[in-house]
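Enquirer: Pasting in a structure now, in structure tokens, and then I'll have a few things to ask.
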Amino acid sequence: MESYVSTVGFSIDRLVYNFISKERMLELNQKFLSHDTDTDIITFDYTKNKSLSAEFFISLWAVGLSAKEELQSIENETLRVLIHGILHCLGHKDANTEQKLKMRELEDDFIKMFHVKQNIHV
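Going letter by letter, the sequence shown gives residues 645 to 766 in my numbering.
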């Protein structure tokens, strides 16, 4: 992770990953984002001066669902979610189709750094 963020001029100060239940994720989503839907990750970004600092809340239930839908292993999908949060802290957005495609490309590049198979059928 550190080598990845350093390639774009950032350093890591503090990253906290919290794995929480589906129910707790819905509570956080409602409280902080006013969304009444399930999600796999919520990122609280405290990054300053290109020094990454963030807290991530991750629903393994939602990660498992996404893995199944995308025909990915749970490991690949977990890596994808972990880097997804980091990418938001680096300034990447995913509000529209173009941004989502770019985010997916960056996620895929990160997963390749781990030499993880991209598909469970490989």
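Don't be surprised by glycine CBs; every beta carbon is placed ideally from N, CA and C. None of the values given here were measured: they were computed from a predicted structure.
Going residue by residue through the stretch 663-702, where are the continuous alpha helix (DSSP H) segments of at least 4 residues, counting only ones entirely within it?
Expert: Here the runs fully enclosed are 666-677.
Enquirer: So the alpha helix (DSSP H) N720 belongs to, where does it begin and stop?
Expert: The residue labelled residue 720 in the question sits at position 76 within the sequence shown. Per DSSP, N720 belongs to the alpha helix (DSSP H) from I718 to C733.
Enquirer: Roughly how many whole angstroms lie between the Cα atoms of K746 and I727?
Expert: On the sequence shown, residue 746 is found 102 positions in, with the first residue counted as 1. On the sequence shown, residue 727 is found 83 positions in, with the first residue counted as 1. Looking at the two C-alpha atoms, the distance is approximately 13 Å.
Enquirer: Does the distance from the C-beta atom of V660 to that of L734 stay below 8 Å?
Expert: Within the sequence shown, residue 660 is the residue found at index 16, counting from 1. Within the sequence shown, residue 734 is the residue found at index 90, counting from 1. Not a contact, by the Cβ cut-off of 8 Å.
Enquirer: Going by other Cβ atoms of all chains shown within 10 Å of its Cβ, with 16 needed for buried, is T722 buried or exposed?
Expert: As a first step, residue 722 is located in the sequence shown; it is residue number 78 there, counting from the start. By the neighbour-count rule (16 or more Cβ atoms within 10 Å), T722 is buried.
Enquirer: Under a three-way DSSP split, which group does D657 fall into?
Expert: Position 13 of the sequence shown holds residue 657. The DSSP-derived three-state label of D657 is strand.
Enquirer: Please name the residue, chosen from N740, A739, F754 and S697, that lies closest to V725 on a Cα-to-Cα basis.
Expert: In the sequence shown, counting from the first residue as 1, residue 725 sits at position 81. Per the Cα distances, F754.
Enquirer: Between E667, L696, L715 and E742, which lies nearest to M645 when the distance is taken from Cα to Cα?
Expert: In the sequence shown, residue 645 corresponds to position 1, counting from 1. Nearest option by C-alpha distance: L696.
Enquirer: The alpha helix (DSSP H) with V649 in it runs from where to where?
Expert: Translated into positions along the sequence shown, residue 649 becomes position 5. V649 -> alpha helix (DSSP H) spans E646 to S650.
Enquirer: Quick check on DSSP: helix, strand or coil for D753?
Expert: As a position in the sequence shown, residue 753 is number 109, starting the count at 1. Looking at D753 - three-state DSSP - the assignment turns out to be helix.
Enquirer: When you compare each of L715, D657 and E719 to N693 by their alpha carbons, which one comes out closest?
Expert: Mapped onto the sequence shown, residue 693 falls at position 49. Among L715, D657 and E719, the Cα nearest to that of N693 belongs to D657.
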